[in-house]
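Colleague: Following this message is one structure expressed as structure tokens.
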Amino acid sequence: MKNLFKPEMLKVLIGILTFLLVLKLVWFVVQITWLSALDIDQQEDQSSKSLYYRVKLTPNNIAAPQKVVHQTTKKIAGSIKEIKLLAIYNASDIAVVTVEYRHKSKVLGSGDIINGFTLEGAGSNFAMFSKNSKNYKVMLAKNAKSTSTSSIVKTVPTPKTRVKTKKPLGEVTNEGDIRIIDRSLLDHYADNMEEIYKNIGIAEIKKGKDLQGFKINFVRKDSPFAKLGIRRNDVVKSINGQEITSYNAAFGVYKNIKNVDNLSLVIMRGKEEMELEYEIN
Amino acid sequence: MQMVKKSAFIILAVWFSVLLFMPKAELYYTLEKTLAEQDIKLNEQSINEGLFSLSIKDVTVYVKGIALAHVEELDFFTLLFYSSLEVLNLQVDEALHAKVPATTKEAVFTHSLLSPLSVSVDANGSFGTVEGQANVLDKEVRIDFVEVGNIGMIQPYLKKDEKGWFYEKSF
Chain A
1 MKNLFKPEML KVLIGILTFL LVLKLVWFVV QITWLSALDI DQQEDQSSKS LYYRVKLTPN
61 NIAAPQKVVH QTTKKIAGSI KEIKLLAIYN ASDIAVVTVE YRHKSKVLGS GDIINGFTLE
121 GAGSNFAMFS KNSKNYKVML AKNAKSTSTS SIVKTVPTPK TRVKTKKPLG EVTNEGDIRI
181 IDRSLLDHYA DNMEEIYKNI GIAEIKKGKD LQGFKINFVR KDSPFAKLGI RRNDVVKSIN
241 GQEITSYNAA FGVYKNIKNV DNLSLVIMRG KEEMELEYEI N
Chain B
282 MQMVKKSAFI ILAVWFSVLL FMPKAELYYT LEKTLAEQDI KLNEQSINEG LFSLSIKDVT
342 VYVKGIALAH VEELDFFTLL FYSSLEVLNL QVDEALHAKV PATTKEAVFT HSLLSPLSVS
402 VDANGSFGTV EGQANVLDKE VRIDFVEVGN IGMIQPYLKK DEKGWFYEKS F
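Listed in order, the protein sequences are those of chains A and B.
In this text, residue positions in the first sequence follow our numbering: the first is 1, and each later residue adds one.
In this text, residue positions in the second sequence follow our numbering: the first is 282, and each later residue adds one.
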């Protein structure tokens, strides 16, 4: 105790405290002069919403009979109608089929289960499923013709034939008022983003620092994008009801694009607002 | 000898006090501000200051407003002559899985005064295990794959020599 109150010790103690104070002050000056005191956070985009889906109603206006209600309840339990057969590979020891279920392609082998149905085997143009000791025969989808001719392999495929199955890319066709986009084309661009920018240029529209939307810079002639009917200087306002005013909104559309059956694109061409409709098959 | 002891004590005290009073959170906010200028924003759940470290938990990385990655924990550690940044459990958004490895379990970036012009990195994840170095003097990055995992999506950017796959880039 005596030592602590020695004038020399007090001097040292005061010296240390002064030094710490000076150092703290230096950091404080650095902090208020150069450093940021505020945490910068990304505000969650409240405007984004899930894509809406167009549903085709019956061509006439007659109310659907009650029986239909029963059918829908059956569907929930798992209907064979939800399974669309796209391709078959049938070898002596195993059957492999490609099916479309809930808009997603799946590859199944013998014994695999989908929607409660077990794949038992396959013929030249059908697959056999079973459920609750009942057998269900699913025929090869008619609209899978173009792809299936190359993807159905009756004998053991060589690597070459496998490469061929990946090749065919669909296109955009014009059928009256509506344009039809082949799903394989859509999937191709969804998986290869860089290919999009080879065919179409998209630029930001900014007001000061705020992003207002996106503008088409160029569309390569003869590309599928040109067939969509979009032109240079078109401003994209919304896709499937989702306003495209942020990168997040655009990315949201990109992420869900494989799950949509219809596309509705609202654009501004000059002073005119236009809605372009597409069906995905 | 007394003089040496006194000098050593003063240096130690200065070094310790500099680290103690360092406004670590504010330095991190400044880093956030710099990144924000490049349209990269970090949203975090919590920031904890330690004596020599700063720990940031549940960080979501936004690029141009898009949440592209999530990091479970970021740990900065510094003794001034040795610094490290540990990135734990980095998950990339599903939409980018075709372009970049989906997960990085652990990535450690270190800088030491012994080699002041380089930063070394060790990481492991779905891509395998990598070791590498960025050299400021040579303006070069080289990352070697010690163990190869799922690198199909990044293979076009990689080269191969007798040691195995590696990534090399000048900046």
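Beta carbons: idealized from backbone N, C-alpha and C, even for Gly.
Please read these numbers as outputs of a predicted model, since none were measured by experiment.
Span of the beta strand (DSSP E) holding Glu387 (chain B)?
Modeller: First-last of the beta strand (DSSP E) with Glu387 (chain B): Thr384 to Ser393.
Colleague: Look at the alpha carbon of Ile292 (chain B) and the alpha carbon of Val340 (chain B), and state the distance between them as a whole number of angstroms.
Modeller: Those two C-alpha atoms are separated by around 36 Å.
Colleague: Any Cβ of chain B within less than 8 Å of the Cβ of Leu23 (chain A)?
Modeller: Interface residue, yes.
Colleague: What would DSSP say about Phe214 (chain A), mapped onto helix, strand or coil?
Modeller: Three-state DSSP puts Phe214 (chain A) in a strand.
Colleague: Can you name the start and end residues of the beta strand (DSSP E) that Lys269 (chain A) belongs to?
Modeller: First, the residue type needs correcting, since residue 269 (chain A) is Arg and not Lys in the sequence shown. Start and end: Asn262 to Arg269.
Colleague: Going by the DSSP bridge assignment, what does Arg423 (chain B) pair with across the sheet?
Modeller: Looking at the DSSP assignment, Arg423 (chain B) forms a beta bridge with B:Gln414 and B:Glu449.
Colleague: So what does Ala350 (chain B) bridge to, in DSSP terms?
Modeller: Bridge partners of Ala350 (chain B): B:Val342 and B:Val373.
Colleague: Can you look up Lys75 (chain A) in the DSSP assignment and give me helix, strand or coil?
Modeller: Unreliable positioning characterises Lys75 (chain A) in this predicted model, as indicated by a pLDDT of 40, which lies under 50. The coordinate reading is nonetheless provided below. Lys75 (chain A): helix per DSSP, three-state reduction.
Colleague: If contacts are defined as beta-carbon pairs under 8 Å, then Asn324 (chain B) and Asp41 (chain A) qualify, I think. What distance do you get, rounded to the angstrom?
Modeller: Indeed they touch by this definition, with Cβ atoms about 5 Å apart.
Colleague: Work out the CA separation of Glu279 (chain A) and Asp222 (chain A) for me, nearest whole Å.
Modeller: Taking the straight line joining both Cα atoms gives about 20 Å.
Colleague: Rounding to the nearest angstrom, what Cα-Cα distance links Ala348 (chain B) and Ser133 (chain A) in this structure?
Modeller: Approximately 47 Å, taken between the alpha carbons.
Colleague: Starting from Lys198 (chain A) and walking both ways along the beta strand (DSSP E), at which residues does that stretch end?
Modeller: Here Lys198 (chain A) belongs to no beta strand (DSSP E); instead the alpha helix (DSSP H) covers Met193 to Asn199.
Colleague: Between Tyr231 (chain A) and the rest of its own chain, which residues show a CB-CB distance below 8 Å, the 5 nearest in sequence each way excluded?
Modeller: Looking at the sequence provided, one finds Arg at residue 231 (chain A) rather than Tyr. Here the set comprises Ile216, Val219 and Arg269.
Colleague: Check the Cβ-Cβ distances between Ala122 (chain A) and every residue of chain B, and say whether any is below 8 Å.
Modeller: Cβ-Cβ to chain B under 8 Å: no for Ala122 (chain A).
Colleague: Can you tell me whether Asp182 (chain A) is buried or exposed? The criterion is at least 16 other CB atoms within 10 Å of its CB, across all chains shown.
Modeller: Flag for Asp182 (chain A) reads buried.
Colleague: On the criterion of 16 or more Cβ atoms from any shown chain inside 10 Å, does Ser246 (chain A) qualify as buried, or is it exposed?
Modeller: Under this definition Ser246 (chain A) is a buried residue.
Colleague: Please classify Pro382 (chain B) as buried or exposed, where buried requires at least 16 neighbouring CB atoms within 10 angstroms.
Modeller: Pro382 (chain B) should be labelled buried.
Colleague: Can you list, in chain order, the residues of the region 339-368 of chain B whose Cβ is nearer than 7 Å to any Cβ on chain A?
Modeller: Those would be Tyr343, Lys345, Gly346 and Ile347, in chain order.
Colleague: Where does Phe129 (chain A) fall in DSSP's three states?
Modeller: In this structure, Phe129 (chain A) counts as strand in the three-state DSSP scheme.
Colleague: Which residues does DSSP list as the beta-bridge partners of Lys134 (chain A)?
Modeller: A:Lys131.
Colleague: Quick check on Ala203 (chain A): buried or exposed, where buried means 16 or more other Cβ atoms within 10 Å of its Cβ?
Modeller: Ala203 (chain A) comes out exposed.
Colleague: Quick check: the Cα distance between Asp210 (chain A) and Gly346 (chain B), rounded to an integer number of angstroms?
Modeller: Each residue's Cα considered, the two are about 12 Å apart.
Colleague: Taking 8 Å as the threshold (beta carbon to beta carbon), is Asn199 (chain A) in contact with chain B?
Modeller: Not closer than 8 Å to any Cβ of chain B, the Cβ of Asn199 (chain A) fails to qualify, so no.
Colleague: At a Cβ threshold of 8 Å, is Asp39 (chain A) touching chain B?
Modeller: Answer yes: the Cβ-Cβ gap between Asp39 (chain A) and chain B drops below 8 Å somewhere.
Colleague: Kindly list, in the order they appear in chain B, the residues whose Cβ is closer than 9 Å to that of Asp191 (chain A).
Modeller: What Asp191 (chain A) touches in chain B: Ala379.
Colleague: Mind checking the region 298-314 of chain B against chain A and listing, in chain order, the residues whose C-beta falls within less than 8 Å of any C-beta there?
Modeller: Residues passing the 8 Å Cβ filter: Ser298, Val299, Phe302, Met303, Pro304, Glu307, Leu308, Tyr310, Thr311, Glu313 and Lys314.
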